[in-house]
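Taking it in order: structure first as structure tokens, then the write-up.
Number of protein chains: 4
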Amino acid sequence: METNPCNNPVNAGFKIPDRVSRNTKPEETIVNIAGVEVGGTEIVVIAGPCAVESREQLFETARAVKSGGARILRGGAFKPRSSPYNFQGLGEEGLKLLDIIRSETGLPVVTEVMDTRQVELVSGYADMLQVGSRNMQNYPLLKEVGMCRKPVLLKRGMMATIEEFLLAAEYILNQGNEQVILCERGIRTFETSTRNTLDLSAVPMLKRLSHLPVIVDPSHGTGLRWMVPAMAKAAVAVGADGLIMEVHYHPEEAICDGNQSLNISEFDQLMTDLKKIALAIGREIS
Amino acid sequence: METNPCNNPVNAGFKIPDRVSRNTKPEETIVNIAGVEVGGTEIVVIAGPCAVESREQLFETARAVKSGGARILRGGAFKPRSSPYNFQGLGEEGLKLLDIIRSETGLPVVTEVMDTRQVELVSGYADMLQVGSRNMQNYPLLKEVGMCRKPVLLKRGMMATIEEFLLAAEYILNQGNEQVILCERGIRTFETSTRNTLDLSAVPMLKRLSHLPVIVDPSHGTGLRWMVPAMAKAAVAVGADGLIMEVHYHPEEAICDGNQSLNISEFDQLMTDLKKIALAIGREIS
Amino acid sequence: METNPCNNPVNAGFKIPDRVSRNTKPEETIVNIAGVEVGGTEIVVIAGPCAVESREQLFETARAVKSGGARILRGGAFKPRSSPYNFQGLGEEGLKLLDIIRSETGLPVVTEVMDTRQVELVSGYADMLQVGSRNMQNYPLLKEVGMCRKPVLLKRGMMATIEEFLLAAEYILNQGNEQVILCERGIRTFETSTRNTLDLSAVPMLKRLSHLPVIVDPSHGTGLRWMVPAMAKAAVAVGADGLIMEVHYHPEEAICDGNQSLNISEFDQLMTDLKKIALAIGREIS
Amino acid sequence: METNPCNNPVNAGFKIPDRVSRNTKPEETIVNIAGVEVGGTEIVVIAGPCAVESREQLFETARAVKSGGARILRGGAFKPRSSPYNFQGLGEEGLKLLDIIRSETGLPVVTEVMDTRQVELVSGYADMLQVGSRNMQNYPLLKEVGMCRKPVLLKRGMMATIEEFLLAAEYILNQGNEQVILCERGIRTFETSTRNTLDLSAVPMLKRLSHLPVIVDPSHGTGLRWMVPAMAKAAVAVGADGLIMEVHYHPEEAICDGNQSLNISEFDQLMTDLKKIALAIGREIS
Chain A
54 METNPCNNPV
64 NAGFKIPDRV
74 SRNTKPEETI
84 VNIAGVEVGG
94 TEIVVIAGPC
104 AVESREQLFE
114 TARAVKSGGA
124 RILRGGAFKP
134 RSSPYNFQGL
144 GEEGLKLLDI
154 IRSETGLPVV
164 TEVMDTRQVE
174 LVSGYADMLQ
184 VGSRNMQNYP
194 LLKEVGMCRK
204 PVLLKRGMMA
214 TIEEFLLAAE
224 YILNQGNEQV
234 ILCERGIRTF
244 ETSTRNTLDL
254 SAVPMLKRLS
264 HLPVIVDPSH
274 GTGLRWMVPA
284 MAKAAVAVGA
294 DGLIMEVHYH
304 PEEAICDGNQ
314 SLNISEFDQL
324 MTDLKKIALA
334 IGREIS
Chain B
54 METNPCNNPV
64 NAGFKIPDRV
74 SRNTKPEETI
84 VNIAGVEVGG
94 TEIVVIAGPC
104 AVESREQLFE
114 TARAVKSGGA
124 RILRGGAFKP
134 RSSPYNFQGL
144 GEEGLKLLDI
154 IRSETGLPVV
164 TEVMDTRQVE
174 LVSGYADMLQ
184 VGSRNMQNYP
194 LLKEVGMCRK
204 PVLLKRGMMA
214 TIEEFLLAAE
224 YILNQGNEQV
234 ILCERGIRTF
244 ETSTRNTLDL
254 SAVPMLKRLS
264 HLPVIVDPSH
274 GTGLRWMVPA
284 MAKAAVAVGA
294 DGLIMEVHYH
304 PEEAICDGNQ
314 SLNISEFDQL
324 MTDLKKIALA
334 IGREIS
Chain C
54 METNPCNNPV
64 NAGFKIPDRV
74 SRNTKPEETI
84 VNIAGVEVGG
94 TEIVVIAGPC
104 AVESREQLFE
114 TARAVKSGGA
124 RILRGGAFKP
134 RSSPYNFQGL
144 GEEGLKLLDI
154 IRSETGLPVV
164 TEVMDTRQVE
174 LVSGYADMLQ
184 VGSRNMQNYP
194 LLKEVGMCRK
204 PVLLKRGMMA
214 TIEEFLLAAE
224 YILNQGNEQV
234 ILCERGIRTF
244 ETSTRNTLDL
254 SAVPMLKRLS
264 HLPVIVDPSH
274 GTGLRWMVPA
284 MAKAAVAVGA
294 DGLIMEVHYH
304 PEEAICDGNQ
314 SLNISEFDQL
324 MTDLKKIALA
334 IGREIS
Chain D
54 METNPCNNPV
64 NAGFKIPDRV
74 SRNTKPEETI
84 VNIAGVEVGG
94 TEIVVIAGPC
104 AVESREQLFE
114 TARAVKSGGA
124 RILRGGAFKP
134 RSSPYNFQGL
144 GEEGLKLLDI
154 IRSETGLPVV
164 TEVMDTRQVE
174 LVSGYADMLQ
184 VGSRNMQNYP
194 LLKEVGMCRK
204 PVLLKRGMMA
214 TIEEFLLAAE
224 YILNQGNEQV
234 ILCERGIRTF
244 ETSTRNTLDL
254 SAVPMLKRLS
264 HLPVIVDPSH
274 GTGLRWMVPA
284 MAKAAVAVGA
294 DGLIMEVHYH
304 PEEAICDGNQ
314 SLNISEFDQL
324 MTDLKKIALA
334 IGREIS
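Protein chains in written order, with the numbering used here: chain A, 54 to 339; chain B, 54 to 339; chain C, 54 to 339; chain D, 54 to 339.
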């Protein structure tokens with residue numbers, strides 16, 4: 054690290070937790086998800102539907118995102134929904150579908166876990182466990198995934214400070230699991246024209262303070278399908294180690310988050326554009 | 054309800070969930086916590102330490118708040134802490150201490166539950182289960198306390214809109230448990246001179262939209278011991294059905310939240326002042 | 054001031070500007086608006102229409118609020134409006150109407166000034182100059198009203214911290230004008246069910262840090278006519294030195310802010326209720 | 054414009070003001086600042102010191118940013134400062150220095166105007182007038198620069214919604230001046246590790262809704278010198294038409310904003326990096 058005082062994030066104003074801190078471990082942590090490495094030179098794209106809705110929807114979308122260049126498949130089986138009357142996910146049935154399409158495509162799978170009692174079940178199917186925004190400070194859950202031997206994708210709470218985000222990751226590392234990816238996915242502000250305000254400054258800040266890889270979710274970060282490409286490009290330029298994006302083979306028919314999901318051709322076009330930006334900054338997208 | 058169109062909260066702009074809505078049930082819900090009723094004419098004060106730290110600390114504080122007029126005892130056995138290195142609570146040992154002092158003082162006990170796996174254990178000791186701010190959108194936990202037959206104190210998430218808060222309560226009612234108290238405890242804003250921004254407008258808004266009782270937590274809402282009395286008075290004047298406040302027999306020695314805890318004499322003085330305001334608005338504090 | 058360390062606003066974390074600081078001047082500043090004193094035992098109510106719309110509207114409303122107990126009349130002649138296509142106020146014609154009704158009713162008048170070039174004109178008619186939220190950091194305007202010998206009502210910017218608010222007041226005092234009243238009128242947060250989030254904790258905070266009187270505007274603070282009474286009561290209980298409220302003789306016909314304006318009978322009822330709370334806290338409303 | 058319904062910013066939820074709206078004028082507006090065009094294929098970099106401090110500081114910095122590729126020079130002569138005790142700028146003396154270095158370097162000059170009474174003076178020296186964040190809703194000032202025949206750089210208020218930002222621009226266009234550039238410079242949120250939260254999603258949103266050019270200020274947007282390059286790159290990738298950045302020949306000696314100002318070699322390196330990203334998205338930086 055440099056000695057120039059201007060290089061200290063003087064406005065951060067908090068103690069960086071020990072295990073996540075770059076002061077403790079200066080070199081980048083590489084997280085390995087069933088063979089796919091996040092945190093190195095390659096920028097890794099995770100794509101797939103918000104929720105697993107059906108065999109056809111999942112399989113068609115999974116094949117398409119693989120063809121487009123995604124390296125990891127996302128898809129929710131247990132869904133945190135603001136209303137109890139909304140679709141809550143297919144549960145274990147969804148996990149089984151993810152398992153089947155993983156075998157076919159070879160794409161590792163990331164899916165959300167919401168309940169300490171589900172960690173064992175979900176980790177039996179998934180290659181990476183996602184802890185969602187609403188659970189970023191669900192400490193028993195953080196401890197439970199920390200005791201698990203699967204990589205964890207930890208999403209920033211929509212009103213979590215950088216300090217709180219790092220402390221949440223520290224809970225996981227403190228249980229012995231250092232395979233953690235941080236994900237900026239938009240914070241809540243006064244602005245309502247977008248679903249959230251995607252805080253891209255979190256990427257250089259987190260990478261400066263911590264050795265953990267950082268990815269960006271422009272789908273939840275904007276809530277607007279047409280805006281996802283612009284913010285995905287910005288996320289690559291700002292230094293993110295990866296992207297997680299919602300893609301659906303028929304977004305207009307999606308049960309959830311259809312208005313922020315790319316369709317297949319939009320995803321393909323975006324991947325082409327992202328590769329150029331990755332090259333311009335000395336990285337690559339496979 | 055009035056027919057004057059100005060009485061509609063026109064700026065709310067969302068659908069009120071069915072079970073919590075006043076449109077479904079116009080009369081006030083009275084929540085009964087082991088004989089203490091919240092939601093009627095009486096304004097109920099819940100007081101006690103942030104965390105159960107020791108037998109002496111809990112017992113001395115409990116006796117004092119009972120003497121000062123508190124009707125329910127609060128105290129955390131399982132503590133959600135931002136850092137994994139902070140005191141995490143005494144666990145079941147804390148629950149047992151709460152049980153003993155309840156028998157002695159006759160004060161019903163409210164304590165937090167953080168994990169679906171703890172609900173059975175905690176509900177074996179507590180008279181009311183608290184779901185904390187960080188778990189307001191922990192849906193498996195909401196469902197679990199919804200299946201329990203104990204009253205639930207649901208605290209507003211620091212980033213939760215009124216709509217999301219009501220939807221979280223709906224999760225509990227939807228499982229068959231209608232004994233829910235809503236608690237405003239401060240939201241996160243840009244202002245940093247207070248720990249949170251206590252949103253007292255949430256009280257009339259929630260009471261207009263829902264039949265559930267609404268209480269206020271001026272301790273977490275301000276984070277400042279000297280400011281708690283002023284905000285507690287305002288909460289009574291604005292129409293809250295109760296208050297939950299942190300009191301400690303020696304705040305300067307508290308393991309957590311000492312700088313927002315009242316000492317015994319401050320609590321006694323505040324209770325005297327609150328009774329006058331309650332009378333001025335046609336209510337009472339016992 | 055007490056010596057108890059708990060009485061220091063430890064979370065404030067900034068230097069209080071010299072001239073507004075209680076450390077410099079421990080006793081309360083009393084602001085005298087043409088004979089009406091703000092900052093003493095009496096809680097002063099300022100009421101009137103958002104904008105001066107017509108002779109009849111202003112005069113009828115002014116007579117009614119005087120009858121109801123208001124001590125100062127408000128009414129905008131120059132209006133800051135988000136859109137250039139909205140009514141911008143009657144200008145000098147409005148000031149003249151305010152002058153006439155002041156003579157008739159004896160109520161001092163407060164009205165907004167938005168432009169350095171208008172200060173001389175407006176101060177020729179008004180008893181107190183209002184600097185609105187959008188101009189809280191309009192430094193040339195602050196300096197200009199600071200050189201004027203009229204009291205100033207400074208409204209908190211909707212994005213202003215307590216520190217910035219005090220610094221804005223310091224600009225006025227630094228020009229030699231110490232007759233400044235601070236007004237909390239709601240801050241902007243993520244919550245959208247109310248127009249703004251009325252930050253009542255600002256009242257005890259400002260009164261602790263500064264010797265200047267502090268009043269509250271529950272009309273802009275909520276944007277909801279039905280909610281104004283509840284928040285006005287809370288403002289009195291929390292320790293405000295006064296209230297400024299929008300009242301209109303026919304709110305449903307108001308050109309601006311009709312949905313947050315009380316009608317005459319609502320105002321009368323509220324004044325009755327407020328007097329009881331004032332007595333309960335050892336103050337009075339005339 | 055496309056007819057695909059997904060291309061409508063459905064979450065915007067407000068009426069786009071007429072004169073700034075793309076519905077009224079689908080083609081891009083090109084703003085011409087003394088020969089430099091903003092809004093076309095070229096991405097224009099505006100650079101220079103926060104404040105004009107001295108002849109040497111200004112001239113050395115101006116020559117360096119010109120050499121590095123800046124097309125327009127920035128520098129404040131009238132400074133809006135939170136505290137009355139901070140440096141308020143050199144005033145007309147600063148304007149004269151800007152005039153001299155403009156002649157030498159050929160760089161057009163943008164500088165802030167804060168007071169309606171200064172518009173004539175400042176427009177006598179500047180090639181573009183800046184309306185700062187604190188004055189975004191200073192309507193008399195917006196009208197005054199709208200009557201002026203100089204281009205206007207309008208910065209987003211730190212708590213202004215997209216709707217309010219467009220309405221502020223509408224005030225200027227409504228006076229007959231269509232040469233307006235919008236500037237995203239960070240909004241105020243709960244996050245404190247950065248000075249503001251740079252809302253890059255504002256760029257695609259504003260460009261979708263309006264025909265006006267949009268630029269980004271990563272200096273104020275982050276407040277952190279080391280973070281400016283990352284966010285500048287992201288701003289180019291997201292589609293901004295330009296950047297405005299603070300550069301100082303000796304940042305550590307700057308009277309204001311030194312900790313967010315790039316030094317000369319940092320600026321030169323950044324320009325090299327930005328050119329690559331511009332090419333990757335089909336644009337260019339001269």
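Using N, Cα and C, we set each Cβ at its ideal position, and we do this for glycine too.
Every value quoted in this text rests on a predicted model; they were computed, and no experiment measured them.
Three-state class that DSSP yields for residue i in the structure shown
i, result
"B/I268", "strand"
"C/M324", "helix"
"C/A290", "helix"
"D/T2", "Only positions 54 to 339 of chain D appear in the structure, and residue 2 of chain D is not among them; the question remains open."
"D/R127", "strand"
"A/M54", "Reliability of the predicted coordinates at A/M54 is poor, the pLDDT of 31 falling under 50, and the value obtained from them is presented with this limitation in mind. Three-state DSSP puts A/M54 in coil, outside helix and strand."
"B/M298", "strand"
"C/L207", "strand"
"D/I334", "coil"
"C/G101", "strand"
"C/V172", "helix"
"B/N85", "strand"
"A/E146", "helix"
"D/Y315", "In the sequence on display, residue 315 of chain D carries Leu and not Tyr. In this structure, D/L315 counts as strand in the three-state DSSP scheme."
"C/V73", "coil"
Local Cβ density within 10 Å of residue i, reported as buried at 16 or more and exposed below that
i, result
"A/G66", "exposed"
"B/T140", "A quick correction: the sequence has Phe, not Thr, at residue 140 of chain B. Exposed is the call here."
"D/Y224", "buried"
"A/T114", "buried"
"A/P304", "buried"
"D/G88", "exposed"
Within 9 Å, strictly: CB atoms of residue i and residue j
i, j, result
"A/G295", "A/I234", "yes"
"D/L206", "D/T169", "no"
"B/V163", "B/R127", "yes"
"B/F218", "B/I154", "no"
"C/G129", "C/A104", "yes"
"A/Y302", "A/A179", "no"
"B/V172", "B/L182", "yes"
"D/L220", "C/S136", "yes"
"D/P257", "D/E81", "no"
"B/V281", "C/A290", "no"
"D/L251", "A/S254", "yes"
Proximity test, residue i beta-carbon vs the ligand PLP heavy atom, cut-off 8 Å
i, result
"D/F140", "As far as ligands go, the structure on display features none, and thus does not contain the ligand PLP."
(message) To be precise: take each residue of the segment 237–258 of chain D, compare its Cβ to all Cβ atoms of chain B, and keep it if any distance is under 8 Å. Which residues remain?
(response) Within the segment 237–258 of chain D, the qualifying residues are R241, T242, F243 and T245.
(message) Give me the subset of the segment 192–220 of chain D whose CB atoms are less than 7 Å from a CB atom of chain A, sorted by chain position.
(response) Residues of the segment 192–220 of chain D with a Cβ closer than 7 Å to any Cβ of chain A, in chain order: M212, T214 and I215.
(request) Name, going along the chain, the residues of the segment 261–287 of chain C whose beta-carbon falls closer than 7 Å to a beta-carbon of chain B. (result) Within the segment 261–287 of chain C, the residues whose Cβ lies closer than 7 Å to some Cβ of chain B are T275, G276, L277, R278, W279, M280, A283, M284, K286 and A287, listed in chain order.
(message) If the cut-off is 8 Å on Cβ atoms, which residues from the segment 318–334 of chain B count as contacting chain C, listed in chain order?
(response) Correct list: D326, K329, I330, L332, A333 and I334.
(request) Just list the beta strand (DSSP E) runs in the segment 223–267 of chain A, keeping only unbroken ones of 3 residues or longer that don't cross its boundaries, in chain order. (result) The qualifying runs are 233–237.
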